[in-house]
Amino acid sequence: MGDSQYSFSLTTFSPSGKLVQIEHALTAVGSGQTSLGIKVIPVIAAANGVVIATEKKLPSILVDETSVQKIQILTPNIGVVYSGMGPDSRVLVRKSRKQAEQYQRLYKEPIPVTQLVRETAAVMQEFTQSGGVRPFGVSLLVAGYDDKGPQLYQVDPSGSYFSWKASAMGKNVSNAKAFLEKRYTDDMELDDAVHTAILTLKEGVLTPAEIEDYLQEVE
Amino acid sequence: MSIFEYNGSALVAMVGKNCFAIASDRRLGVQLQTVATDFQRIFKIHDKLFVGLSGLATDAQTLYQRLVFRHKLYQLREERDMKPETFASLVSAILYEKRFGPYFCQPVIAGLGDEDKPFICTMDSIGAKELAKDFVVAGTASESLYGACESMFKPDMEPEELFETISQALLSSVDRDCLSGWGGHVYVV
Numbered sequence: 001m002g003d004s005q006y007s008f009s010l011t012t013f014s015p016s017g018k019l020v021q022i023e024h025a026l027t028a029v030g031s032g033q034t035s036l037g038i039k040v041i042p043v044i045a046a047a048n049g050v051v052i053a054t055e056k057k058l059p060s061i062l063v064d065e066t067s068v069q070k071i072q073i074l075t076p077n078i079g080v081v082y083s084g085m086g087p088d089s090r091v092l093v094r095k096s097r098k099q100a101e102q103y104q105r106l107y108k109e110p111i112p113v114t115q116l117v118r119e120t121a122a123v124m125q126e127f128t129q130s131g132g133v134r135p136f137g138v139s140l141l142v143a144g145y146d147d148k149g150p151q152l153y154q155v156d157p158s159g160s161y162f163s164w165k166a167s168a169m170g171k172n173v174s175n176a177k178a179f180l181e182k183r184y185t186d187d188m189e190l191d192d193a194v195h196t197a198i199l200t201l202k203e204g205v206l207t208p209a210e211i212e213d214y215l216q217e218v219e
Numbered sequence: 001m002s003i004f005e006y007n008g009s010a011l012v013a014m015v016g017k018n019c020f021a022i023a024s025d026r027r028l029g030v031q032l033q034t035v036a037t038d039f040q041r042i043f044k045i046h047d048k049l050f051v052g053l054s055g056l057a058t059d060a061q062t063l064y065q066r067l068v069f070r071h072k073l074y075q076l077r078e079e080r081d082m083k084p085e086t087f088a089s090l091v092s093a094i095l096y097e098k099r100f101g102p103y104f105c106q107p108v109i110a111g112l113g114d115e116d117k118p119f120i121c122t123m124d125s126i127g128a129k130e131l132a133k134d135f136v137v138a139g140t141a142s143e144s145l146y147g148a149c150e151s152m153f154k155p156d157m158e159p160e161e162l163f164e165t166i167s168q169a170l171l172s173s174v175d176r177d178c179l180s181g182w183g184g185h186v187y188v189v
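Order-wise, the sequence lines are chains A and B. Counting from 1, one number per residue, gives the positions in the first sequence under full-length UniProt numbering. Counting from 1, one number per residue, gives the positions in the second sequence under full-length UniProt numbering.
This is how it looks when you write it as structure tokens:
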């Protein structure tokens, strides 16, 4: 990883004990487009799952929107959405897909969500310590379903990961999180969660006309 | 004499009603000389998973150590025991890694999977899995074992009857093989 001439890390401690590069990476994430996820575990097991959503604002109306894929699939049971730098997320998606396939090849079993998150986070941490590389400028929301039920994890540029019932990242994160805190209930249904996701994105993101469209689609 | 026959071994596993049995002989030889009569060929991976390793004894022991290592790491990472099917895939992968310089072992894997459904399988020394619903055999006495199991096996036996059947099959087969014998170890789960 990195040139042999760069056998020293570019991410070093400041006197206050912070890794400034990671702080800057988190700033890059914070100015990225909003994305959020909501985990649904109602009493009826058949109706549980995870919802992930993101704002897809394209720089111009001339851009072919079908070519832009912000929400990506890692395995048939695990999907991911990001906030921050698109190209960095593509590298991580590629690596994670490979890791998931290697697990599948070894054990002939689909990879559990926690294991994939752990390995992805390990990659992100590597890039904060290896020579000649910079941290990834993305935070990922990994949503998946396995034997333990629906799961939602956030992975940061530092390599730390957290399991959430509902979370948001990117621009307007404080508004979005406050909204989610108010609206989230443990006995939500999947349709409610989709609705809530769209309404959360509305908080300072989508225009009223767009919201009408999406709400109609959901109904 | 082939390298697989150097130490001599006999292994058999059978499926019963919500249970399984795995049995091996106890002889360790150096070609025709008997060196030990209490050699362990069947190892516990966890409460519901056993593996028996026939063939060259040194490879059997080393392979067992590697498998225990992998399973312990799996347990620590995933906070659960490995399912027998998963373990079988792992053994197959580990054996194939050494495709051009193999372990001279034939493993027999027996375990209880989800909802205590019995699972048995065997594979050759480079990892070709052979699943079976009734019984699997391995070792120098395998031909006799095939014959004995085929005639003595019945589906859905209770643990007590399964124990009797597998013991009789093992003992009568090793009696016809000079390289295996000196008693047997039987595990019924």
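We put the beta carbon where it would ideally sit given N, CA and C, even for glycine. All values derive from a computational prediction rather than experimental measurement.
- Looking only at ASP25/B, GLN61/B, SER167/B and ILE120/B, the smallest Cα-Cα distance to VAL15/B is reached by ILE120/B.
- A straight line joining the alpha-carbon of GLN115/A with that of PHE69/B spans about 18 Å.
- Residue-level contact check: ALA93/B touches chain A, since one or more beta carbons of chain A fall below 8 Å from its beta carbon.
- Residues of chain B whose Cβ lies closer than 8 Å to the Cβ of PRO112/A are, in chain order, GLU78.
- Rounded to the nearest angstrom, the gap between the Cα atoms of TYR6/B and THR34/B is 11 Å.
- Residue burial is scored here from C-beta neighbours: THR37/B has fewer than 16 other C-beta atoms within 10 angstroms and is therefore classed as exposed.
- Here GLU85/B is buried. Its C-beta has 16 or more other C-beta atoms within 10 Å.
- When DSSP states are grouped into helix, strand and coil, TYR187/B belongs to the strand group.
- SER89/B belongs to the set of residues whose beta carbon lies under 8 Å from a beta carbon in chain A.
- Below 8 Å, enough C-beta pairs join the stretch 29 to 43 of chain A and the stretch 162 to 173 of chain A to call them touching: three or more.
- In terms of Cα proximity to TYR103/A, the closest of VAL186/B, ASP116/B and ALA93/B is ALA93/B.
- Bounds of the beta strand (DSSP E) holding VAL136/B are 135 to 139.
- Per DSSP, the continuous alpha helix (DSSP H) segment holding ASP59/B begins and ends at 57 to 78.
- Here the alpha carbons of GLU109/A and ASP147/A stand approximately 11 Å from one another.
- For ASP146/A, the enclosing beta strand (DSSP E) has its first and last residue at 138 to 146.
- Interface with chain B (8 Å Cβ-Cβ cutoff): LEU106/A is included.
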